[in-house]
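This report concerns only the one structure given below.
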Amino acid sequence: MNKKNLDWSNLSFGYTKTDKRFVANFKDGKWDDGVLTEDDKVVISECAGVLQYAQTCFEGLKAYTTQDGRIVTFRPDLNAKRMADSCRRLVMPVYDEKKFVEACLATVKANIDYVPPYGTGAALYIRPYMFGSDPVIGVKPANEYQFRILVTPVGPYFKGGVKPISVRISDKDRAAPNGTGDIKAGLNYAMSLYNIVDAHNCGFAENIYLDPKTHQYIEETGGANIIFVTKEGKLVTPKSNSILPSITRRSLVEVARDYLNIEVEERQIHKDELKDFVECGLCGTAAVISPVGKITDHDKEYVFSNGDKMGPVLTKLYDTLTGMQMGRIEAPKGWIVEI
Ligand code: PLP
Ligand code: COI
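Counting in this note's numbering, the sequence shown runs from 83 upward without gaps.
Shown next, in the form of structure tokens:
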């Protein structure tokens, strides 16, 4: 190993070109074996399905250096499964789930010198993605596809790391009722771009989306699920078929129930309930758990933490989850996959 000379502790959540990426092509009804290549450029038809009708989906997971120097990923099988679900919904060919995991591990291994050292707060972000690559002009799925995996070393998603952020309830939607909110389609993120720029211009770090049908219930933000804590110390998280099934959130629910003896409710959460919660956090691969200090809903403000600290229940969850990811706490069987 010959670690790259990067300022690991001060990385932002950004793209750094690394040495190798994985590329596989789907043609004539089948995937080729795929290769690791130094070529970071994509060459496709000017009329490719992804360019005309946004036929693309992606995943996000991380590789970590553990306390004892191993390099691991967290539940990559669930990313493989969610990518397969996204592909089926977008009429794209599924990339075999086992091969998906193998390709992620191989891409990390090929860029091992970019995996941030233990204790820096940084990780190697793994971005698998697929897109329609051959010409499509009538509205229909492409015939040919490319599946790629790039990796890039990243720091915290929100500036300031675990400092509580200020978010707003959004008037706009990121997903439609019965739409694609529950898969990781690029189009969901395109939908959110205008609104995230506007949120930043208004001084908010993120938008909280309400359910697109009634605009009454809390859903998620543009890039993370949401968790709340009640006065009694219960963990409450929205249940809806238009939010992304976050692997972090599903893991936290299990950690809370099985490791920390915290009661969990997964249910609809009306926006008027915001006043009843004492802690709030955004959770996801990129966000980890990012504490929310304040939610603004037009003329109403809900304040969750005083000063610049994460609350006690979220701190316990954060310490346990990251403890598992960094090898300090034993994780349930199958959660940690070593490279
Ligand atoms: N919700 C959205 C819209 C996301 O983009 C993400 C990020 O992947 C999440 C939630 C969190 O999901 P996960 O914990 O699987 O990373
Ligand atoms: C992730 O957490 O992996 C995501 O895809 C979120 C994205 C907004 C960076």
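Glycine included, C-beta positions come from ideal geometry on N, C-alpha and C.
This one's a predicted model, so the numbers in the text were calculated from it and none came from an experiment.
Of the residues Leu160, Glu348, Val221 and Cys284, the one placed nearest Ile309, counting alpha carbons only: Translated into positions along the sequence shown, residue 309 becomes position 227. If we check each option's Cα against that of Ile309, Glu348 comes out closest.
CA-to-CA distance, Ile290 to Arg171, given in whole angstroms: One-based indexing of the sequence shown puts residue 171 at position 89. One-based indexing of the sequence shown puts residue 290 at position 208. Approximately 24 Å, taken between the alpha carbons.
Distance between Val183 and Asn277 (C-alpha atoms, nearest Å): On the sequence shown, position 195 is the one that residue 277 refers to. On the sequence shown, position 101 is the one that residue 183 refers to. In a straight line, the C-alpha of Asn277 is about 33 Å away from that of Val183.
Cβ-based burial, Asp371 [other Cβ within 10 Å; buried from 16]: Translated into the one-based positions of the sequence shown, residue 371 becomes position 289. As written in the sequence, residue 371 is Ile, which differs from the Asp given in the question. Ile371 is buried by the Cβ-count criterion.
Neighbour-count burial assignment, Pro235, 16 or more Cβ in a 10 Å radius: As a first step, residue 235 is located in the sequence shown; it is residue number 153 there, counting from the start. Its Cβ being crowded by 16 or more others within 10 Å, Pro235 is buried.
Cβ of Thr119 within 8 Å of any chain D Cβ: Judged by its chain identifiers, the structure shown contains no chain D, having just a single protein chain.
Arg171, enclosing alpha helix (DSSP H) - first and last residue: The residue you call residue 171 lines up with position 89 of the sequence shown. Arg171 -> alpha helix (DSSP H) spans Pro158 to Arg171.
Residue(s) in a DSSP beta bridge with Ile219: What you label residue 219 is simply residue 137 of the sequence shown in a count that begins at 1. BP columns for Ile219 are empty, so no partner.
Coil, strand or helix - Arg331 by DSSP: The count along the sequence shown starts at 1 and reaches residue 331 at position 249. Correct three-state label for Arg331: helix.
Outcome for Lys296 when other beta-carbon atoms lying within 10 angstroms are tallied against a minimum of 16: In the sequence shown, the residue the question calls residue 296 occupies position 214. For the sequence presented, residue 296 should be read as Thr rather than Lys. Result: exposed.
The ligand PLP heavy atom lying under 7 Å from the CB of Ser94: For the purposes of this step, residue 94 is taken as the residue at position 12 of the sequence shown. No, the beta carbon of Ser94 sits no closer than 7 Å to any heavy atom of the ligand PLP.
Glu345 versus Arg331 - alpha carbon distance: Numbered from its first residue, the sequence shown carries residue 345 at position 263. Numbered from its first residue, the sequence shown carries residue 331 at position 249. Their backbone Cα atoms lie some 14 Å apart in a straight line.
Check: Cys362 C-beta below 7 Å from any heavy atom of the ligand PLP: Reading the sequence shown from its first residue, position 280 is the one you call residue 362. Result no, Cβ not under 7 Å from the ligand PLP.
Assigned secondary structure, Ile194 (DSSP; H/G/I helix, E/B strand, else coil): Translated into positions along the sequence shown, residue 194 becomes position 112. Of the three classes helix, strand and coil, the one that applies to Ile194 here is helix, per DSSP.
Within 8 Å, strictly: CB atoms of Gly116 and Phe104: As a working mapping, residue 116 is identified with position 34 in the sequence shown. As a working mapping, residue 104 is identified with position 22 in the sequence shown. In contact: Gly116 and Phe104 (Cβ atoms closer than 8 Å).
Given 8 Å, three or more beta-carbon pairs between the segment 267-275 and the segment 134-142: yes
Limits of the beta strand (DSSP E) - the one that Ile371 falls within: Position 289 of the sequence shown, counted from the start, is the residue given in the question as residue 371. From DSSP, the beta strand (DSSP E) with Ile371 extends over Val370 to Asp379.
Status (buried if at least 16 other CB within 10 Å, exposed otherwise) for Ser91: Numbered from 1 along the sequence shown, position 9 holds the residue referred to as residue 91. It is exposed - the Cβ of Ser91 has fewer than 16 other Cβ atoms within 10 Å.
Gln407 versus Ala224, Glu383, Lys376 and Thr367, residue with shortest Cα-Cα distance: Your numbering for residue 407 matches position 325 in the sequence shown. That would be Thr367, whose Cα lies nearest to the Cα of Gln407.
Contact belief for Ile418 with Phe156 at Cβ below 8 Å, rounded distance in angstroms: Counting from one through the sequence shown, the residue named residue 418 turns up at place 336. Counting from one through the sequence shown, the residue named residue 156 turns up at place 74. That pair is a contact at about 7 Å.
Distance, Lys415 Cα to Val374 Cα: By one-based count along the sequence shown, residue 374 stands at place 292. By one-based count along the sequence shown, residue 415 stands at place 333. Each residue's Cα considered, the two are about 31 Å apart.
Straight-line Cα distance separating Tyr211 from Lys147: Residue 147 sits at position 65 when you count from the first residue of the sequence shown. Residue 211 sits at position 129 when you count from the first residue of the sequence shown. For the sequence presented, residue 147 should be read as Thr rather than Lys. C-alpha separation (whole angstroms): 24 Å.
C-alpha gap between Val318 and Gly405, whole angstroms: As a working mapping, residue 318 is identified with position 236 in the sequence shown. As a working mapping, residue 405 is identified with position 323 in the sequence shown. Cα to Cα, Val318 sits roughly 22 Å from Gly405.
With 16 other Cβ atoms within 10 Å as the buried cut-off, status of Gln228: Position 146 of the sequence shown holds residue 228. With 16 or more other Cβ atoms within 10 Å, it is buried.
Selection from Asp89, Val221, Thr397 and Asp379 that minimises the alpha carbon distance to Ala205: Here residue 205 refers to the residue found at position 123 of the sequence shown. The option with the nearest alpha carbon to Ala205 is Asp89.
With 16 other Cβ atoms within 10 Å as the buried cut-off, status of Val125: Working through the sequence shown from its first residue, we reach residue 125 at position 43. The residue in question, Val125, is exposed, as its Cβ has fewer than 16 Cβ neighbours within 10 Å.
Inter-stretch contact at 8 Å, needing at least 3 Cβ pairs: the segment 236-248 / the segment 380-393: yes
Rounded separation between Lys353 and Arg250 - CA only: Indexing the sequence shown from 1 puts residue 353 at position 271. Indexing the sequence shown from 1 puts residue 250 at position 168. Answer to the nearest angstrom: the Cα atoms are 12 Å apart.
Alpha helix (DSSP H) segments (min. 4 residues) lying fully within the segment 234-286: 268-283
Arg31 - partner residues in DSSP beta bridges: Only positions 83 to 421 of the chain appear in this structure, which leaves residue 31 out of reach.
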